[in-house]
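Residue numbers (numbering that gives the first Met the number 0): 0 to 185. What follows is a set of notes on a single structure, which appears directly below.
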Amino acid sequence: MKHLYFCRHGLSQAQVDNAWGGQNDTSLTEQGHTEAHAAGAELRAQGTQIDLIIASPLSRAHDTATIIAGTIGYPADRIVTDDRFVERTFGIYDGQPRGEDDWFAHHTYQELDDVEGNETVEKLQERAARGLEYLKTLHQDNILLVGHGAYARGLLRTIKGLPYTDEFEHEDIINIIPNAKVIELI
């Protein structure tokens, strides 16, 4: 692998509903479909060659990957889905309303570590490190990983050599993961 690109899924119904997405299988919205088409069109316009697309099996990520694939001429039946790249589970919160409009303005992801059934930030980063090691074993030069926000932050911290305790300490990690924007990680 020479280049690793990442794209967070397009706008999901859970985001519109202000609900915890986590490992709940929420769908893309119409806007999410439009965003995924735009991400693919941008890749095509830049002339970025993608040799392999890997996606989380959750529909919001897999559907985003499928739309991008169609837009760049990549065969959809060659998209690899892999459970290593699913979103962090928020335990009993998955799929439930958040309550506050901007929960993270007053809380951190680490506060969720004590929620029943939750994957801790530390465990998420360990999983992201294992996922990165797997990606490095692949022979394709240009890989696009389509996944989720919290997972991407763990992956970015791993690539940058930052500890899991730096969940929101670096502006470049917080702000670099918008919906349906392809970013080059490596």
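Ideal Cβ positions, reconstructed from N, Cα and C, are used throughout, including at glycine.
Practice item. Tell me whether the beta-carbon of Gln22 lies closer than 8 Å to the beta-carbon of Asp93. Key: yes
Review point. For Arg43, which of Asp24, Pro177, Thr70, Pro56 has the nearest alpha-carbon?
Key: Measuring from the Cα of Arg43, the nearest candidate turns out to be Thr70.
**Study point:** Span of the alpha helix (DSSP H) around His61
**Key:** 58 to 71
Review point. Where does Arg7 fall in DSSP's three states?
Key: strand
Check your understanding: Three-state secondary structure (DSSP) at Leu27?
Key -> strand
Exercise for review: In the DSSP assignment, find the unbroken beta strand (DSSP E) run with Gly153 in it and report its ends.
Suggested key: Looking at the DSSP string, Gly153 is not in any beta strand (DSSP E); the run it does join, the alpha helix (DSSP H), is 148 to 159.
Point to revise | Opposing strand residues paired with Glu183 [DSSP bridges] | key: Tyr4
Review point. If Ala18 and Pro96 are in contact, beta carbons under 8 Å, what's the gap, nearest whole angstrom?
Key: 5 Å
**Study point:** Limits of the alpha helix (DSSP H) - the one that Leu123 falls within
**Key:** 120 to 136
Review point. Mapping DSSP to helix, strand and coil, what is Thr80?
Key: In the structure shown, Thr80 sits in a strand (DSSP, three-state: E or B).
Check your understanding: Helix, strand or coil for Ile91 per DSSP?
Key -> helix
Point to revise | Residue(s) in a DSSP beta bridge with Ile142 | key: Partner(s): Leu3, Leu51.
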